[in-house]
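What follows is a set of notes on a single structure, which appears directly below.
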Amino acid sequence: MTAYDTYSGVFPAMVTPFDDDGSIDFDSLAADAQRLERAGVDGLVPVGSTGESATLTHDEHVQVVETVSGAVEDVPVIAGSGSNNTQEALELSERSAQAGADGLLLISPYYNRPEPEGMERHYRTIADAVDLPQIIYNVPGRTGRDIAVETAVSLAEHENIVGYKAASGDLGRISEVVEKTREADFSVLSGDDAMTLPTLSVGGTGTISVVANVEPERTCAMVGAALAGDYERARSLHHELGPLMRGLFAESNPIPVKEAMAIRGHCEPHLRSPLSRASAGVREDLERLLSDLEPTPELELKA
3 MTAYDTYSGV
13 FPAMVTPFDD
23 DGSIDFDSLA
33 ADAQRLERAG
43 VDGLVPVGST
53 GESATLTHDE
63 HVQVVETVSG
73 AVEDVPVIAG
83 SGSNNTQEAL
93 ELSERSAQAG
103 ADGLLLISPY
113 YNRPEPEGME
123 RHYRTIADAV
133 DLPQIIYNVP
143 GRTGRDIAVE
153 TAVSLAEHEN
163 IVGYKAASGD
173 LGRISEVVEK
183 TREADFSVLS
193 GDDAMTLPTL
203 SVGGTGTISV
213 VANVEPERTC
223 AMVGAALAGD
233 YERARSLHHE
243 LGPLMRGLFA
253 ESNPIPVKEA
263 MAIRGHCEPH
273 LRSPLSRASA
283 GVREDLERLL
293 SDLEPTPELE
303 LKA
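Listed below in structure tokens is the structure:
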């Protein structure tokens, strides 16, 4: 197996910047990866849901992974490579590995609604074939099916399945996964910014985060404080970020986060159809929320 350290800390779920003609803006993508690395994140997650992977061709998917991997020096790149078609997910995973990915994030099969046996076979097929650390991703709001706790626990026994991204909103289920995988070399990561601090409080190890695209230093400071046991500071930063966390999900992700990044000058707010630009009301709210978050020197934020 590829050398693996427990996934701990902050891993921004990166956006994919587009030009006004809909093509990928690779220069902005590389610059964004470098900005996030400088801010102190622990890894990067391109071509996930936030990266509009559903509207990328397979070749574009690989080009995004190559660009991000080539832009950074010291942080792992965890490529989204899931699909509701096991063979397609396997091919995307293999190509992502060849493109320089250090790990894989695999959304559970969507639309098909597989039973637990099919879900487990899907993940084991990829883990048996691709020798990279892999994170299974439970987001029933997008997929229509939960990964059963028992399935996650069973998959944690596989040497290449090293983590679980939790975006169910059910802290009880998240806590149960943590409880039942404590003896394994297994990371439980929040996949919902509002649930990051609660997830850390029950033994989670970090977050695959949307808000970290916009406020990476504050997000790193919050997670670092919690992991160090300083929950007073972590709670303060959680509540400081709370309005922005909610604002970034006022419309379908990644509509608001791209708008917020455009306000901050990190990329243009272009999205691929069927997504549309943030409404005027959301834009106004984001401008206000971002103006309330005054820049803070990085060294003051570090836990």
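Per our numbering, the sequence shown starts with residue 3, numbered consecutively. By construction, the Cβ of each residue, glycine as well, lies at the ideal position given by its N, Cα and C atoms. Being a predicted model, the structure only gives us computed values, none of them experimental.
Residue burial classification, residue i (beta-carbon count within 10 angstroms, cutoff 16)
| i | result |
| --- | --- |
| P218 | buried |
| P256 | buried |
| Y125 | buried |
| G249 | buried |
| S278 | exposed |
| R123 | exposed |
| S293 | exposed |
| D44 | buried |
Residue nearest to residue i in terms of C-alpha spacing, selected from the options
| i | options | result |
| --- | --- | --- |
| D110 | A101, P142 and A196 | First, the amino acid is wrong: residue 110 is Ser here, not Asp. Residue P142 is the option with its Cα nearest to S110. |
| S189 | R175, G205 and T198 | G205 |
| V79 | A91, A101, L92 and E93 | A101 |
| D105 | S55, T207, E270 and Y9 | Looking at the sequence itself, residue 105 is Gly, so the reference to Asp does not match. Cα-wise, what sits closest to G105 is Y9. |
| R175 | T201, G165 and S156 | T201 |
| V164 | T145, G171 and E185 | E185 |
| S51 | T153, T145 and E119 | T145 |
| A154 | R147, D130, L173 and T183 | T183 |
| A230 | L243, F20 and T207 | T207 |
Beta-carbon separation (whole angstroms), residue i vs residue j, contact threshold 8 Å
| i | j | result |
| --- | --- | --- |
| V47 | L58 | Wrong, their Cβ atoms sit about 14 Å apart, outside the cutoff. |
| V77 | T18 | That pair is no contact at about 18 Å. |
| N140 | M16 | That belief does not hold up - the Cβ atoms of N140 and M16 are roughly 20 Å apart, past 8 Å. |
| I137 | L199 | About 20 Å; that fails the 8 Å criterion. |
| D27 | C269 | 7 Å |
Residue i vs residue j beta-carbon contact at 7 Å
| i | j | result |
| --- | --- | --- |
| T88 | A32 | no |
| S95 | S85 | no |
| L288 | E261 | yes |
| L134 | A168 | no |
| D195 | S177 | no |
| V351 | E39 | Past the boundaries of the shown model lies residue 351; the chain is included only from 3 to 305, so the question cannot be answered. |
| E239 | M224 | Looking at the sequence shown, residue 239 is not Glu but Leu. Cβ distance < 7 Å, so L239 and M224 count as in contact. |
| I128 | L92 | yes |
| A252 | V284 | yes |
| A81 | A103 | yes |
| A264 | P271 | yes |
**Message:** Suppose only complete runs of 3+ residues qualify. What are the beta strand (DSSP E) ranges in the segment 156–185, listed by chain order?
**Reply:** Taken in chain order, the complete beta strand (DSSP E) segments of 3 residues or longer contained in the segment 156–185 are 163–168.
**Segments of 3+ residues assigned as beta strand (DSSP E) that fall wholly inside the segment 58–116** = 80–82 and 105–109, all fully within the segment 58–116.
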